[in-house]
Amino acid sequence: TQLLEQSPQFLSIQEGENLTVYCNSSSVFSSLQWYRQEPGEGPVLLVTVVTGGEVKKLKRLTFQFGDARKDSSLHITAAQPGDTGLYLCAGRPRGFQKLVFGTGTRLLVSP
Amino acid sequence: GAVVSQHPSWVICKSGTSVKIECRSLDFQATTMFWYRQFPKQSLMLMATSNEGSKATYEQGVEKDKFLINHASLTLSTLTVTSAHPEDSSFYICSAREEGGTYNEQFFGPGTRLTVL
Chain B
1 TQLLEQSPQF LSIQEGENLT VYCNSSSVFS SLQWYRQEPG EGPVLLVTVV
51 TGGEVKKLKR LTFQFGDARK DSSLHITAAQ PGDTGLYLCA GRPRGFQKLV
101 FGTGTRLLVS P
Chain X
1001 GAVVSQHPSW VICKSGTSVK IECRSLDFQA TTMFWYRQFP KQSLMLMATS
1051 NEGSKATYEQ GVEKDKFLIN HASLTLSTLT VTSAHPEDSS FYICSAREEG
1101 GTYNEQFFGP GTRLTVL
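Chains B and X are the protein sequences, given in the same order.
Residue 84 in my numbering is what sits at position 84 of the first sequence, and the numbering runs on without skipping anything.
Residue 1036 in my numbering is what sits at position 36 of the second sequence, and the numbering runs on without skipping anything.
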């Protein structure tokens, strides 16, 4: 059973378009992280959200934590080719010591 | 801050040989490090949790005698793939948890690509 489901699994868009990636679970998380991974490299931490309903912005990226702390979303405005990569959400469900990763969303932004 | 390095970044070896991968936290101490394996176009799969000064905790299905983990200091963990076979070829990534960090965040190394011929 996958604790964190991401959708869509793959997204191919043109430069300048907007997109949203979803990370959903039936479990409650004390915090959720979003990572971006480029081919052949390790994941890079983008943001951590900890409070239900919290919204964090990182330039053109907007992250939201669900009110019930079971889901999160990542919205990218005016996507650029440099945004291309694998986006992963991750978190520790209550009672878990280990970080659980989402299924991943592969984003391709074409010029 | 919070930089994790891995060495080597890639390695090619013959079937039956052993390969050691190092993971270092460069600017913080990590009593807990993690080893992941990633197949092409897939998410990360946790292999084991490495605890400084004690035995590693392996995930179900991961052979502890094949994937030897040593966490001898607060800044270094090693993963040794023993008697490697072609099916062990993969991208191995370590991460370190910054103890005392605000959210116990994990920071990842750049990964090691292992190819077993």
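For every residue, glycine included, the Cβ atom is placed at its ideal position computed from N, Cα and C.
These numbers come from a predicted model, not from an experiment.
Measure the Cβ-Cβ separation of residue i and residue j and say whether it is below 9 Å.
{"i": "F1091 (chain X)", "j": "R1037 (chain X)", "result": "yes"}
{"i": "T48 (chain B)", "j": "L32 (chain B)", "result": "yes"}
{"i": "S1050 (chain X)", "j": "F1028 (chain X)", "result": "no"}
{"i": "E5 (chain B)", "j": "T77 (chain B)", "result": "no"}
{"i": "L99 (chain B)", "j": "L1046 (chain X)", "result": "yes"}
{"i": "Q64 (chain B)", "j": "V55 (chain B)", "result": "yes"}
{"i": "S30 (chain B)", "j": "R69 (chain B)", "result": "yes"}
{"i": "V1081 (chain X)", "j": "V1004 (chain X)", "result": "no"}
{"i": "Q80 (chain B)", "j": "E15 (chain B)", "result": "yes"}
For the beta strand (DSSP E) containing residue i, list its first residue and its last residue.
{"i": "S1067 (chain X)", "result": "Ser is not the amino acid found at residue 1067 (chain X); the sequence shown has Phe there. Note, F1067 (chain X): beta strand (DSSP E), F1067 to S1073."}
{"i": "K59 (chain B)", "result": "K59 (chain B) -> no beta strand (DSSP E), and no H or E assigned at all."}
{"i": "E5 (chain B)", "result": "E5 to S7"}
{"i": "N24 (chain B)", "result": "L19 to N24"}
{"i": "A178 (chain B)", "result": "In this structure chain B extends from 1 to 111, so residue 178 (chain B) is not present and cannot be described."}
{"i": "V1062 (chain X)", "result": "Segment: none, V1062 (chain X) is in no beta strand (DSSP E) and carries neither H nor E."}
{"i": "K1020 (chain X)", "result": "V1019 to S1025"}
{"i": "T1112 (chain X)", "result": "T1112 to V1116"}
{"i": "H1007 (chain X)", "result": "V1004 to H1007"}
{"i": "Q14 (chain B)", "result": "F10 to Q14"}
Does any residue of chain X have a CB that is nearer than 9 Å to the CB of residue i?
{"i": "E54 (chain B)", "result": "no"}
{"i": "Y22 (chain B)", "result": "no"}
{"i": "K57 (chain B)", "result": "no"}
{"i": "F101 (chain B)", "result": "yes"}
{"i": "P93 (chain B)", "result": "no"}
{"i": "V44 (chain B)", "result": "yes"}
{"i": "L88 (chain B)", "result": "yes"}
{"i": "Q97 (chain B)", "result": "yes"}
{"i": "R106 (chain B)", "result": "yes"}
{"i": "Q64 (chain B)", "result": "no"}
{"i": "T77 (chain B)", "result": "no"}
{"i": "T48 (chain B)", "result": "yes"}
{"i": "G85 (chain B)", "result": "no"}
Within the 9 Å Cβ cut-off, does residue i reach chain B?
{"i": "F1034 (chain X)", "result": "yes"}
{"i": "S1043 (chain X)", "result": "yes"}
{"i": "I1012 (chain X)", "result": "no"}
{"i": "I1069 (chain X)", "result": "no"}
{"i": "Q1060 (chain X)", "result": "no"}
{"i": "P1110 (chain X)", "result": "yes"}
{"i": "S1050 (chain X)", "result": "no"}
{"i": "I1093 (chain X)", "result": "yes"}
{"i": "E1022 (chain X)", "result": "no"}
{"i": "V1004 (chain X)", "result": "yes"}
Using a Cβ-Cβ cutoff of less than 7 Å, which residues in the same chain neighbour residue i once the five nearest sequence positions on both sides are dropped?
{"i": "I1093 (chain X)", "result": "Y1036, Q1038, L1044, F1108, G1109 and G1111"}
{"i": "H1085 (chain X)", "result": "S1015 and V1116"}
Does the ligand FMN have even one heavy atom less than 8 Å from the beta-carbon of residue i?
{"i": "A1056 (chain X)", "result": "This structure simply doesn't include the ligand FMN, nor any ligand for that matter."}
Can you list, in chain order, the residues of its chain whose CB lies under 6 Å from that of residue i, leaving out five sequence neighbours each side?
{"i": "H1007 (chain X)", "result": "E1022"}
{"i": "G53 (chain B)", "result": "D67"}
{"i": "R36 (chain B)", "result": "V44, L46, G85 and Y87"}
{"i": "S1083 (chain X)", "result": "G1016"}
If I measure Cβ to Cβ from residue i and keep anything under 8 Å in the same chain, skipping five residues before and after, which residues do I get?
{"i": "T1032 (chain X)", "result": "T1049, S1050, N1051, E1052, A1096, R1097 and E1099"}
Can you name the residues that DSSP bridges to residue i?
{"i": "P93 (chain B)", "result": "B:F29"}
{"i": "Q943 (chain X)", "result": "Here chain X has residues from 1001 to 1117 only, and residue 943 (chain X) is not among them."}
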